Ligand code: F6R
């Protein structure tokens, strides 16, 4: 079931989600348990990372007990590449908080044997006890992670081909469409659906139509985000423009 939550602006949304994450981390660490977070890249979660960093610096929130799994990585981009998601995470989050290095997992865009790397990624998530809380953005194709249409509900971490709309949308970060990789490694839809809580964030008018489809359309591979309707605990955090097409 998808619950929608409207926030006055990005910052307030980020504060609300960061607070929930902090409470979960503190609660679990009090009983000696790690917190396994599924993380996303892209422009949408940036205010969330900024707020988590603020909680670390100003309120002493510790991430020592946190284990992270990122959703995806571009194929062919190594950790030093300015547009790799490994680098993105380092610059926008990990360099500023105390998640232990060995607790950070991001698919390896340079893996020689992608199928093996993806199977190992799934095994690492299982070994960590599964994902407690998964952060998601949503692409205009309906992708979650890089599960482009068509992606079935039982898809697992794998190598995928990026939709041309996604390549165009993401070319703003690369400066040039030709530089945007055609492939990626992504957690699957089933991997995402197994997370115990899912918090999807979408801001702006440009996401309004895909948010409407994700919430209202019958779940199908044609719009992978619709599979979230089958999740028992999924919240869409929206600003007013992103929620603007949800009114009946
Ligand atoms: C990122 C990811 C993608 C993005 C989506 C939205 O790790 O998996 O699904 O969340 O493409 O990107 P932005 O936030 O840049 O609009």
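In this note's numbering, the protein residues as written are 567 to 814. Here a beta-carbon is modelled for each residue, glycine too, at the ideal position from N, C-alpha and C. All values derive from a computational prediction rather than experimental measurement.
Exposure label - residue i; buried when at least 16 CB within 10 Å
i	result
residue 727	exposed
residue 790	buried
residue 698	buried
residue 709	buried
residue 716	exposed
residue 627	buried
residue 757	buried
Beta-carbon proximity of residue i to residue j, cut-off 8 Å
i	j	result
residue 796	residue 763	no
residue 703	residue 611	yes
residue 803	residue 647	no
residue 691	residue 663	no
residue 665	residue 635	no
residue 576	residue 769	yes
residue 621	residue 580	no
residue 774	residue 808	yes
residue 638	residue 792	no
Presumed contact (8 Å Cβ cut-off) between residue i and residue j, rounded CB distance
i	j	result
residue 776	residue 706	5 Å
residue 671	residue 687	7 Å
residue 641	residue 785	Not really, about 28 Å apart at Cβ, beyond 8 Å.
Among the options, the one whose alpha carbon lies nearest that of residue i
i	options	result
residue 731	772, 583, 721 and 765	772
residue 669	622, 601, 637 and 709	601
residue 675	720, 627, 724 and 659	724
residue 695	655, 738, 641 and 760	760
residue 603	644, 621, 584 and 613	584
residue 765	753, 801, 807 and 756	801
The beta strand (DSSP E) enclosing residue i, as first and last residue numbers
i	result
residue 712	Taken as a continuous stretch (DSSP letters only), residue 712 belongs to no beta strand (DSSP E), as it is neither H nor E.
residue 725	724-727
residue 572	568-572
Extent of the continuous alpha helix (DSSP H) to which residue i belongs
i	result
residue 602	That residue, residue 602, is in no alpha helix (DSSP H); its beta strand (DSSP E) goes 601-605.
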